[in-house]
Structures are given as C-alpha cells and as structure tokens.
Amino acid sequence: MGTGGELAAVVGVGMTKFSATRGDVSMPGLVREAAQRALQDAGMEWDDIDAVVMGKAPDFFEGVMMPEIFLSEALGCVGKPMLRVHTAGSVGGSTALVAASLVHSGVHKRVLTVAWEKQSESNAMWALSLKQPFQVSINAGAGGYFSPIIRQYMEATQAPELIGCMVAFKDRQHALLNPYAHLHQPDLTFDQVVESPMLWEPIRYSETCPSSDGAAAMVIVNEEEANKSTSPAWIHAGAMRSEANNFPGRDEVNPLASRECAADLWRQAGIVDPRKEIDVVEMYVPFSWYEPMWLESLGFCNRGDGWKLVESGATHIDGGDLPVNCSGGVLSSNPIGASGMIRFAEAALQVRGMAGDHQVDGAQKALGHAYGGGAQYFAMWVVGKDKPAA
Amino acid sequence: MTEIHVPPLLDGVEPVQSVRTPIRMEYTFTPGVAAQTYLREFGNKKILGNVSPVDGAILVPPRGADPRHGVLCEEFVEMPHTGHVGSYCVTNVPIPGRELDLPYISAWIFLDGADVGFLNLVAECPPEECRIGMRVEAVWKPDEEIATTAENILYWKPSGGPDIPFEEAGVRSWHARKKGGSNA
Chain Y
741 MGTGGELAAV
751 VGVGMTKFSA
761 TRGDVSMPGL
771 VREAAQRALQ
781 DAGMEWDDID
791 AVVMGKAPDF
801 FEGVMMPEIF
811 LSEALGCVGK
821 PMLRVHTAGS
831 VGGSTALVAA
841 SLVHSGVHKR
851 VLTVAWEKQS
861 ESNAMWALSL
871 KQPFQVSINA
881 GAGGYFSPII
891 RQYMEATQAP
901 ELIGCMVAFK
911 DRQHALLNPY
921 AHLHQPDLTF
931 DQVVESPMLW
941 EPIRYSETCP
951 SSDGAAAMVI
961 VNEEEANKST
971 SPAWIHAGAM
981 RSEANNFPGR
991 DEVNPLASRE
1001 CAADLWRQAG
1011 IVDPRKEIDV
1021 VEMYVPFSWY
1031 EPMWLESLGF
1041 CNRGDGWKLV
1051 ESGATHIDGG
1061 DLPVNCSGGV
1071 LSSNPIGASG
1081 MIRFAEAALQ
1091 VRGMAGDHQV
1101 DGAQKALGHA
1111 YGGGAQYFAM
1121 WVVGKDKPAA
Chain U
34 MTEIHVPPLL
44 DGVEPVQSVR
54 TPIRMEYTFT
64 PGVAAQTYLR
74 EFGNKKILGN
84 VSPVDGAILV
94 PPRGADPRHG
104 VLCEEFVEMP
114 HTGHVGSYCV
124 TNVPIPGREL
134 DLPYISAWIF
144 LDGADVGFLN
154 LVAECPPEEC
164 RIGMRVEAVW
174 KPDEEIATTA
184 ENILYWKPSG
194 GPDIPFEEAG
204 VRSWHARKKG
214 GSNA
C-alpha cells in the first residue's frame, strides 16, 4: 500500500444477482457462483489461486457456525491457506483488505476473496435485536440503532427534511442501471419515497436497505500478474479503523475512527482534495442519511455541508461531479456480509471501465467504503486505473 | 437458475429447497464484578455508575472498564434517577420477543452527572412531543416486584423543567462540560 510493500491489483470481479431469495442455490452454490465469475473475469482456473480469504456478517444471522469451513470445498480451498474475517457490516471491505495485504506482503501472488450473505436463510432483525443478559431489550434492529444518530445529524445541520428521500430515490434510479441490483423499481416516484411509512422515525421504509441474498468475489494479484491483465484496478491505498460504540464524548455522527481511517487512506493515496481527485464513490449507505454523513466524515466537503452536495445533485450519476453509489448501493442490494465487498468491487469495476450502464466515463480513481457495528468498524480503499505513483 | 437433477424415482415430486430447523440454546451467564454489583444495588432501587480512574468519567451502567483506555474501573458512584434524552427513535417496528404498543420511543438516557447514555424506553409522552434534551425521570416497578433484573425501571417519563440545549445534550455534554480535556 502507500506505506510500501508490493503493488497489488484487482484483475477479476464476480457477483451474483442480488435478490430477496436465491432459493435455487445453497450457500456453497451462491459463493461459488460469484467466485467462478471472478476467476473467469481474471482468466484463471481454481488451481491458479494461492489462498482464499472469506468474510460474512456474524454467524448467528444464518445460524451456521463457522460457515467458512463448510464452504471451503466450494471455493477450492482444499490444500490452500484459508482465512475468515469478522468485522460486522464492514466485513466485505476488510476481507478485501486482508486479501490485498497477503499480496502486498509478498506472501501470495494470487488471492481469491469472497464475501456473502444469505439473508433469506437468516433473520437479521432478530440477530440485531438480541437481548443481552440483564439488559433491557429495546433496540429494534439496525434502524432502531441508527435512527437516533441520524436525528442528531438532522438537528445539528438543520438539513431539509427530504434530503434522505433524495438519496434513496437517487440510489434506486442508479440501481436500474445495474442488472445485478436487488431492487429494480422503474415506476418508483420521489413522492412514493416520501410517502412511504416511517419505520424508525426519521427513517422511512423507502430510506432503508432491503434484505438480500448474494455474494461478491475478487481476484487480487501482485504486480507481475497484474501486468498480464488488460484491465487491472491498482490498489492505491487501504485503511481500517475501529472504536468502541459507547464512550464519553463519542462523536456518533462523525466517528473518530472514520475520520482517522479516511485521513490515513488519503495520505497513503497521496490525495489532497478528495472531491477533485476521486471520480466515483461506492460508500456504505444502508440508511439514506448516511450519504451526507459519510461525505462529510470522508472529507468530500466541510462538516455540515454533506446534505448540500446531495441537494445539488453532485452525487447523481447523471450530471454529478462526484457520483455516489452508481450501482444502486446498499439501499438497492444488501447481502450484509457482501455489501462492503460489493462497494470495493464496484470501485474496481469503475476504474477498469467495466461497470456497464452505470460506468462513470473515464473514471481514474475510485473509493470503496464500508462500515459496520454501531458505526464502529471502518474499511476503505482507493483503486486507480493507473499504477500508484512511486 | 441452477438446474437440479433428481433420480427418475423422484420425477414430478416438488423439490425441497429449504427446511426450517429451529434450535434452542441454554447458557450460564457470569456477569462479573461490575455488573453483579450494579444489579444487586439495582435490586435496592439504586443506580450505580463506574468512575474512570483516568479522568473521572462516569459510566452508567458500570462495565468494569473504561473502553477508551482499557483500564479497570473499580470505583462506584450512586446516580440520581433523573436525566435527559440524548437522542431517540420513534419506532413502528416490533422488537422480536417483546410486546410493546406501536409506536414506542426508544431513547438514549443520560442520567444527570453521567458521561455516557444507555438505551431505554420513554413513555407517558406522545412521540411528537419527545425532544433531544427533554428531561426525564425513572418510573420504577412497584417495590414488591423489584428484583436484580434490568426491568426494574419500566420506562422513563418527562419530568418537566427546561430542556438541555442541543449543544449540551447527549454525547455533546462531555465536550460542553469540558470534562474531556485532551481525550475528548
């Protein structure tokens, strides 16, 4: 990465179609589908892979303990090093970074990384509302947790009430450009988003991510291997940070771990002005208001101005100068464990010029971003069309 | 769609794509010194907090450690039964395993003098009247029902009095009171 080591690049990306229920495949079938596509994209066979790094959300979502063990054969891990990464919702991002680190370090030349969730076989609402011993059970899932944080952002910035709806409507429009997206709602109107019921006020139904089945995979290789590829996405920087979810003075809206992760990322990538230097952003926005909140935290604008970027249309693929979540984002597809890796993979597709109808013309540098837990775990990378400057 | 091949014997039989197999787990929970001390006093209608040895921050409920510094917190302090709403959610979604009339208000309660909040129920308050900074007080179960459980406090209700200003409410109180110093 920016701190030295071998160059690494993404030369293969594979995703499944995301949907509410992939009843046609088992969990092994699901991950294999994504991995197979990534290998095909990379022009590789299973035997070409040196190691496999997997990630998903906590095991109790589907109730399968250590699923990486029973998925090993489907992912061709037999006889190879295999690792599982755990960082809650950010896991898809950190899994990719762990895979990249195996290449940066010179340990392996060709690493397959896969992340997934089969929400149709799980109950995330239950899993995220677990009663802790001797504590009051009052939190209704992730929406119940993030709603009070969003409320503080709205009150602190005095942002117009419908900014969140603008984000949700934009991401659902973007999703129409992505055949893999779960939600395809061509007839959805802005008014329908606004009129959708409040679930966790101020979060509306239409401002919430869906529950999806799906997997994403990437092949990450060293410089020698990447030079053989016609369209590598070079990894310019990668950073992870975490923090506790409750401590005195914790900035819940703009967590310190997020700010420090972004600062480290930009420093590694040699980026001084992210708004100018980043061409396209894939960030983790499970609830609409997180778009303006993360835009601020990541330094794309001053604190309190994130909603103005949304309102101006800057984040729309059609005419915006900082398109955000051209794939439709987490708001349109949310296989939880895979959601972070989809962001990282979409960033790679953009700089490879392979994002299809949601391609941002001439994208040179892209940000992939993921967060998890109670906005506690952060994983980010910058990928570029060109090799990072020496 | 992946094609599924079955023996001829099973031709025409509807394929099983998934089965539900509910499981149940029992476990023994060891609360540790901090939670145990807290729960015993909670059974006496007292609310305890932990005092951080680093800077005197008061953490409620006590967890036995300061998450910022990874240090042991051995000192306890008794807290008042009043505080304010740091932020809140008006929830129209049922909680698995708990019956509450919808909508209900889940709120981060910051006790007077505490430096962190905890999530709890606010009632006797129409959702549209709930506010960040609204002052609240505990509504306890009848004395004969009090036990060493988290459910001793039924909910928090508005207690009147002037709101805490937004800039000083919830997580911002730490900075507003400048207790944090360089760790803020």
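Those protein sequence lines, which keep their order, are chains Y and U.
If you read the first sequence in the working numbering, its first letter stands for residue 741, the second for the next number, and so on.
If you read the second sequence in the working numbering, its first letter stands for residue 34, the second for the next number, and so on.
Cβ atoms here follow ideal geometry from the backbone N, Cα and C, with glycine treated the same way.
Quick caveat, the model's predicted, so the values are computed rather than measured.
Could you check what DSSP says for residue i in three-state terms: helix, strand or coil?
i	result
Val-793/Y	strand
Leu-837/Y	helix
Cys-106/U	coil
Cys-21/U	The shown model of chain U, from 34 to 217, leaves out residue 21/U, and the question about it has no answer.
Ser-215/U	Note that Ser-215/U scores a pLDDT of 43, beneath 50, so its modelled location is shaky and nothing firm can be said.
His-848/Y	coil
Ser-192/U	coil
Glu-170/U	strand
Ser-946/Y	helix
Ala-921/Y	coil
Ser-115/U	Correcting the residue type first, residue 115/U is Thr in the shown sequence and not Ser. Three-state result, Thr-115/U: strand.
Asn-863/Y	coil
Thr-929/Y	coil
Gly-97/U	coil
Leu-42/U	helix
Glu-941/Y	strand
Arg-210/U	coil
Ala-828/Y	helix
Glu-201/U	helix
Ala-1129/Y	coil
Glu-857/Y	strand
Val-843/Y	helix
Val-1064/Y	strand
Ala-183/U	helix
Ala-966/Y	helix
When we look at the beta-carbon of residue i and count the other beta-carbons within 10 Å, is it buried (16 or more) or exposed?
i	result
Ala-1110/Y	buried
Ala-217/U	Annotation note: pLDDT 37 at Ala-217/U (below 50); position unreliable, coordinate value reported separately. By the 10 Å Cβ count, Ala-217/U comes out exposed.
Arg-73/U	exposed
Ile-56/U	exposed
Lys-50/U	Lys is not the amino acid found at residue 50/U; the sequence shown has Gln there. Exposed is the call here.
Arg-210/U	exposed
Tyr-60/U	exposed
Pro-175/U	exposed
Asn-918/Y	buried
Asp-99/U	buried
Gly-752/Y	buried
Glu-108/U	exposed
Met-794/Y	buried
Thr-827/Y	buried
Asn-83/U	buried
Val-155/U	buried
Need the endpoints of the beta strand (DSSP E) that residue i sits in, please.
i	result
Phe-151/U	151–155
Val-1050/Y	Counting along the chain, Val-1050/Y falls outside any beta strand (DSSP E), though it belongs to the alpha helix (DSSP H) covering 1046–1052.
His-976/Y	973–982
Tyr-137/U	137–144
Ala-956/Y	953–962
Leu-823/Y	822–825
Hey, quick one: how far does the alpha helix (DSSP H) through residue i stretch, first residue to last?
i	result
Ser-998/Y	996–1009
Arg-53/U	That residue, Arg-53/U, is in no alpha helix (DSSP H); it is neither H nor E in DSSP.
Arg-912/Y	903–915
Glu-1151/Y	An answer regarding residue 1151/Y cannot be provided, because it is not within the stretch 741 to 1130 covered by chain Y.
So within the segment 1068–1126 of chain Y, which uninterrupted alpha helix (DSSP H) runs reach at least 4 residues, ignoring any that extend past its ends? 1076–1092
When the Cβ atoms of the segment 1069–1079 of chain Y are set against those of the segment 777–790 of chain Y, are three or more pairs found closer than 8 Å? no
Tell me, please, whether the segment 937–946 of chain Y touches the segment 117–130 of chain U by the rule of three or more beta-carbon pairs shorter than 8 Å. yes
Give the list of continuous alpha helix (DSSP H) stretches no shorter than 4 residues that lie fully inside the segment 1015–1039 of chain Y. 1030–1037
Is it a yes or a no for the segment 768–775 of chain Y touching the segment 830–839 of chain Y, going by three-plus beta-carbon pairs under 8 Å? no
For the segment 50–85 of chain U, list the beta strand (DSSP E) runs that are entirely contained and at least 3 residues long, ordered along the chain. 80–84
Touch test, the segment 916–923 of chain Y against the segment 749–769 of chain Y, Cβ-Cβ under 8 Å, three pairs minimum: yes
Does the segment 910–917 of chain Y come within contact of the segment 1047–1067 of chain Y, defined as at least 3 CB pairs closer than 8 Å? yes
Do the segment 858–869 of chain Y and the segment 942–960 of chain Y meet, that is, are 3 or more Cβ pairs less than 8 Å apart? yes
Inside the segment 751–822 of chain Y only - alpha helix (DSSP H) runs reaching at least 4 residues: 767–782 and 807–811
Tell me whether the segment 1035–1043 of chain Y and the segment 1014–1021 of chain Y touch, counting them as touching only if at least three CB pairs, one residue from each stretch, are closer than 8 Å. yes
Is it the case that the segment 866–877 of chain Y contacts the segment 808–819 of chain Y, given that we only count it when at least three CB pairs across the two stretches are under 8 Å? no
Answer yes if the segment 1021–1040 of chain Y comes into contact with the segment 875–895 of chain Y, meaning at least three C-beta pairs across the two stretches below 8 Å, and no otherwise. yes
Say whether the segment 140–155 of chain U touches the segment 200–207 of chain U, bearing in mind that this needs 3 or more beta-carbon pairs closer than 8 Å, one atom from each stretch. yes
With three or more beta-carbon pairs closer than 8 Å as the criterion, would you say the segment 64–72 of chain U touches the segment 1114–1130 of chain Y? no
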